[in-house]
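Counting along the sequence shown from 1, when you hit position 166 you're at 605 in the working numbering, and nothing is skipped either side.
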Amino acid sequence: MDISIVLPVFNEEAFLEQSLTSLVTQTYPIKELIIVDDGSTDNSVQIAQGFVQKYPFIQLKLSNNTATHEPGQKVIHAFDRGFSALKHPFDVVCKFDADVVFPENYIEVLANSFLQNPELGMFGGVLQIEKNGLWMFESIAAESHLRGPIKAYHKNCFEAIGGLRPALGWDTLDELLALHHGFSVETDKNLVVKHLRPTGSNYSKRLSKAKGKMFYQFGYGCVLGVLASLKWAANERGNPIGALLGFFGAWLSKQPKLVSGSEAKFIRKQRWLQIRRRFIS
440 MDISIVLPVF
450 NEEAFLEQSL
460 TSLVTQTYPI
470 KELIIVDDGS
480 TDNSVQIAQG
490 FVQKYPFIQL
500 KLSNNTATHE
510 PGQKVIHAFD
520 RGFSALKHPF
530 DVVCKFDADV
540 VFPENYIEVL
550 ANSFLQNPEL
560 GMFGGVLQIE
570 KNGLWMFESI
580 AAESHLRGPI
590 KAYHKNCFEA
600 IGGLRPALGW
610 DTLDELLALH
620 HGFSVETDKN
630 LVVKHLRPTG
640 SNYSKRLSKA
650 KGKMFYQFGY
660 GCVLGVLASL
670 KWAANERGNP
680 IGALLGFFGA
690 WLSKQPKLVS
700 GSEAKFIRKQ
710 RWLQIRRRFI
720 S
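Written out as structure tokens, the structure reads:
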């Protein structure tokens with residue numbers, strides 16, 4: 440099974456060498472690794488170039504992109520540039536971040552999981568952060584949600600979902616779309632990846648509005664959109680008013696959605712099923 444990896448990079452000099460070292464020392468061979476520098480202003484490019492010179496399967500794609508960081512957009516645009524640069528056929532394509540350190544058997548377990556389950560569309564391990572000298576799970580759905588920095592897609596699934604959407608929440612939407620198209624999504628809780636830079640938890644009003652808009656773009660109905668906005672604000676210390684303003688602002692202006700009508704219907708059904716399960720349990 441051929442595994443290709445796209446690794447977006449933006450000012451990752453503190454983590455990049457550790458991350459790349461963990462990938463080049465895997466027990467299973469990587470077919471192709473594309474490092475996409477997205478306009479770094481630190482020493483990320485120099486670090487990447489050192490690995491390119493040493494490992495023939497690694498390529499570096501440079502960009503002078505100076506766009507402002509937009510959650511969910513900048514990283515996927517960088518991924519798309521790397522994906523377009525892939526030269527070899529692949530069975531599985533991985534979107535990894537440059538601030539994580541993988542166990543040496545990560546790619547081996549990943550490959551075997553796809554080989555053993557023909558219906559598997561997406562696979563990944565779990566992320567842990569260091570706190571007071573101990574490695575522990577992050578608070579944001581760390582043990583149940585397949586996290587964005589460590590996602591792998593079977594080629595058939597990736598094509599069925601139409602690639603990754605450059606929008607906030609892309610790493611939730613891709614799972615829902617995979618399920619919609621009949622693929623399974625697996626998180627291996629025994630496959631622990633070290634996250635060297637914990638996900639931020641301080642959300643501005645602007646980001647809160649973007650989160651509410653995201654729920655509209657996912658095709659949530661009015662009631663579901665309100666519930667999702669309030670739940671997100673409570674769980675992630677976001678601004679509930681901002682989230683609601685974002686949702687209803689998108690609703691009233693009839694902004695385009697990220698999903699088709701059938702996909703939106705499936706997503707609403709999945710979300711309501713989750714709510715019912717919580718009340719029953």
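Where is the CB? At the ideal position from N, CA and C, for every residue including glycine.
- Item | Proximal residues to I486 (C-beta, below 7 angstroms), its chain only, five neighbours per side dropped | Residue numbering aside, residue 486 sits at position 47 when the sequence shown is read from its first letter. Excluding sequence neighbours, I486 sits near E452, L455 and E456.
- Taking all protein chains shown into account, decide if C596 is buried (16 or more other Cβ within 10 angstroms of its Cβ) or exposed. Here residue 596 refers to the residue found at position 157 when the sequence shown is read from its first residue. That one is buried.
- Item | Distance between L499 and A517 (C-alpha atoms, nearest Å) | Here the question's residue 517 lines up with position 78 in the sequence shown. Here the question's residue 499 lines up with position 60 in the sequence shown. Spanning the two alpha carbons is a distance of roughly 12 angstroms.
- Query: First and last residue of the beta strand (DSSP E) that includes H634?
  - Reply: Counted from its first residue, the sequence shown places residue 634 at position 195. Start and end: S623 to H634.
- Query: Can you give the beta carbon distance from K650 to A689, rounded, assuming they're within the 8 angstroms contact cut?
  - Reply: On the sequence shown, residue 650 is found 211 positions in, with the first residue counted as 1. On the sequence shown, residue 689 is found 250 positions in, with the first residue counted as 1. 11 angstroms between Cβ atoms; not a contact.
- Label L554 either buried or exposed according to how many other C-beta atoms from any shown protein chain fall within 10 Å of its C-beta, with 16 as the threshold for buried. If you number the sequence shown from 1, residue 554 lands on position 115. So L554 counts as exposed.
- For E471, which residues does DSSP report across the bridge? Along the sequence shown, read from residue 1 onward, the residue named residue 471 stands at position 32. Answer is S443.
- Task: Go through the region 548 to 599 residue by residue and report every complete run of the beta strand (DSSP E) that reaches 3 residues or more, in order.
- Result: The region 548 to 599 contains these whole beta strand (DSSP E) runs: 559 to 570, 573 to 576 and 589 to 593.
- Query: Counting Cβ pairs, one atom from each stretch, are 3 or more of them under 8 angstroms apart for the region 440 to 447 and the region 517 to 536?
  - Reply: Yes, the region 440 to 447 is in contact with the region 517 to 536.
- Message: Taking contact to mean 3 or more Cβ pairs, one atom from each stretch, closer than 8 angstroms, check whether the region 459 to 478 and the region 560 to 577 are in contact.
- Response: With contact defined as three or more Cβ pairs closer than 8 angstroms, the region 459 to 478 and the region 560 to 577 are not in contact.
- Looking at the structure shown, is L525 part of a helix, part of a strand, or coil, going by DSSP? The sequence position of residue 525 within the sequence shown is 86, counting from 1. Coil, per DSSP.
- Message: Once DSSP output is grouped into helix, strand and coil, what is the label at F535?
- Response: Residue mapping note: residue 535 aligns to position 96 of the sequence shown, counting from 1. Strand at F535.
- Residues near V632 by beta carbon distance below 6 angstroms, same chain, minus five either side: Residue numbering aside, residue 632 sits at position 193 when the sequence shown is read from its first letter. Same-chain partners within the cutoff: V539, F541, G564, L566 and I589.
- Task: Compare the C-alpha of F687 against each of Q709, G658, E675 and I706 and name the closest.
- Result: In the sequence shown, counting from the first residue as 1, residue 687 sits at position 248. Taking only the C-alpha atoms, the option nearest F687 is G658.
- Item | Collapsed DSSP secondary structure at L684 in the structure displayed | Here residue 684 refers to the residue found at position 245 when the sequence shown is read from its first residue. Residue state for L684 is assigned as helix, using DSSP reduced to three classes.
- Query: Name the DSSP bridge partner or partners of I497?
  - Reply: Residue 497 sits at position 58 when you count from the first residue of the sequence shown. Residue pairing by DSSP places I497 opposite L472 in a beta bridge.
- Task: Excluding the 5 residues preceding and the 5 following H634 in the sequence, name in chain order all residues of the same chain whose CB lies nearer than 6 angstroms to its CB.
- Result: Your numbering for residue 634 matches position 195 in the sequence shown. Within the same chain, H634 has close Cβ partners V539, L566 and I568.
- Could you pull out every residue in the same chain whose Cβ sits closer than 8 angstroms to the Cβ of Q465, ignoring the five residues on either side in sequence? Start at 1 with the first residue of the sequence shown, and residue 465 comes out as number 26. Here the set comprises F541, E543, N544, Y545, I546 and E547.
- Cα-Cα separation between A682 and S692, rounded to whole angstroms: Within the sequence shown, numbered from 1, the residue matching residue 682 stands at position 243. Within the sequence shown, numbered from 1, the residue matching residue 692 stands at position 253. CA-CA distance, A682 to S692, rounds to 16 angstroms.
- Task: Kindly identify the DSSP beta-bridge partner or partners of V448.
- Result: Numbered from 1 along the sequence shown, position 9 holds the residue referred to as residue 448. Residue pairing by DSSP puts V448 in a beta bridge opposite D476.
- Task: Let me know if N678 comes out buried or exposed under the rule of 16 or more other beta-carbons within 10 Å of its beta-carbon.
- Result: Reading the sequence shown from its first residue, position 239 is the one you call residue 678. Burial is judged here by how many other beta carbons sit within 10 angstroms of a residue's own beta carbon; N678 has at least 16 and is buried.
- Task: Measure the beta-carbon distance from V624 to L585 and round it to whole angstroms, keeping in mind my assumption that it falls under 8 angstroms.
- Result: Start at 1 with the first residue of the sequence shown, and residue 624 comes out as number 185. Start at 1 with the first residue of the sequence shown, and residue 585 comes out as number 146. Confirmed, Cβ separation roughly 6 angstroms.
- Message: Considering Cα atoms alone, identify which of R520, H593, V532 and C533 is closest to L559.
- Response: Position 120 of the sequence shown holds residue 559. Ranking R520, H593, V532 and C533 by Cα distance to L559 puts H593 first.
- Where W711 and S458 are concerned, what is the direct C-alpha to C-alpha distance, given to the nearest angstrom? Residue numbering aside, residue 711 sits at position 272 when the sequence shown is read from its first letter. Residue numbering aside, residue 458 sits at position 19 when the sequence shown is read from its first letter. If you take the alpha carbons of W711 and S458, they lie about 38 angstroms apart.
- Query: Relative to the C-alpha of L707, which residue among F622, L501, G664 and L669 is closest?
  - Reply: What you label residue 707 is simply residue 268 of the sequence shown in a count that begins at 1. A quick correction: the sequence has Arg, not Leu, at residue 707. If we check each option's Cα against that of R707, G664 comes out closest.
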